[in-house]
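Since the structure comes first, as structure tokens, the remarks are kept for the end.
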Amino acid sequence: MKLVRFLLFPFTILYDLITSIRNLLYDKGNFRSTSFTIPIIAVGNLSVGGTGKTPQIEYLIRLLRERSVAVLSRGYKRKTSGFVLLNSNHSSEDVGDEPLQFFRKFPNIAVAVDANRVAGIQRLKKEVNPEIILLDDAYQHRKVKAGFYVLLTKYGELYSDDFILPTGNLRESRRGAKRADLILVTKCPETLGLKEKERIKKKLKPLHGQHVYFTAISYGQVLKGSMPIAVDELSDYTVLLITGIAIPQPLLDFLSTRKIKYQHLKFPDHHQFSPSDIDTIQKKFEAISAPQKIMVTTEKDYVRLSDQIKGLSYIEIETQFLNDSDKFDKEILKFVEV
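In my numbering, the protein residues as written are 89 to 426.
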């Protein structure tokens, strides 16, 4: 795979040229970016893959819970098109798994999907009139000029160490980090020390006033879904773990450190489970001969699987700040209160 990516390096140069010209034309005003008077916060990254956007959006929803909040996503892999304002009749196939997760988890907010973010914001303003809009995975969507940009980069896979597609995983040059109001290094080990934090900051080279924060993934201590038992009690079970996320390794590590026995069925990111997949899962679970067994999945996968598999439980995740959470909160609140 590394050899193939190396051989594709000429295409990386071409891709960099195209994206750089596009960004320059937006920066110079040759391409139009639409601004709105309503506070809009865009959460995104420079790279493809899982950097933890979903738990970060949820962190912002909780932080802004006293205000009227709407979330706008494109609805990745949905089968519908255009603007859709979520309601209780929608499935993950209609609107995508992440928007449906936001809708079910936070009943007091509005959630919509639209690949055209300008049109989506206009419809939200007309139909919901929220005080704040959160744009999910919209860092490269420059047709909208958000008022505040939160840039995520994953610990161990920093954008400063990466290359542009197809040689690397960057959607655009690392120069794009200059548009961020702040930078979050996500999925850090909870024991990350001050020396390592400083080393990472030097590699990222933030601009003056562009603060860098470090976060980890915090797993829920009680399963949700069909069997609401404490996670620590899973050591008495054999777990069939089902994942359809980009990077399941942190969850595997979490289970292993608690000496939980598991068998892992891994599917691609945002996988829409077919009847054949469900049959495979059921047969795999039936074949486990342990006296106590349980099917467990991620919160995102539960959105796609809960209607098809009975007796399924899931583990929640949240963003946990390792430094200066109060400072981060103040930056966000200062922006929305302007």
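In this text, a Cβ means the ideal position worked out from N, Cα and C, and glycines have one as well.
Where do the N-terminal and C-terminal ends of the beta strand (DSSP E) with A130 fall, by residue?
128 to 133
I need the straight-line Cα distance from S377 to S394, nearest angstrom please.
23 Å
Using the Cβ count rule (16 or more neighbours within 10 Å means buried), how would you classify A375?
exposed
Between E186, S108, D225, F416, which lies nearest to S135 when the distance is taken from Cα to Cα?
D225
Is the number of C-beta pairs between the stretch 309 to 325 and the stretch 277 to 290 that are closer than 8 Å three or more?
no
Quick one: what's V201 bridged to in DSSP?
S161, V172
At a cut of 8 Å, does the stretch 201 to 213 reach the stretch 155 to 167 through at least three beta carbon pairs?
yes
When we look at the beta-carbon of I101 and count the other beta-carbons within 10 Å, is it buried (16 or more) or exposed?
exposed
Please report the Cβ distance between V128 and L148, rounded to the nearest whole angstrom; I am assuming they are in contact, meaning their Cβ atoms lie under 8 Å.
The question names Val, but residue 128 is Ile in the sequence shown. Wrong, their Cβ atoms sit about 12 Å apart, outside the cutoff.
Three or more beta-carbon pairs under 8 Å between the stretch 225 to 245 and the stretch 187 to 198, yes or no?
no
Determine, using beta-carbon pairs with one atom in the stretch 402 to 414 and one in the stretch 293 to 306, whether at least three such pairs fall under 8 Å.
yes
Expressed to the nearest angstrom, what Euclidean distance is found between the alpha-carbon atoms of D202 and T125?
20 Å
Does the separation of the CB atoms of L173 and A207 fall below 8 Å?
no
If you draw a straight line from the alpha carbon of P363 to that of I397, how long is it in whole angstroms?
11 Å
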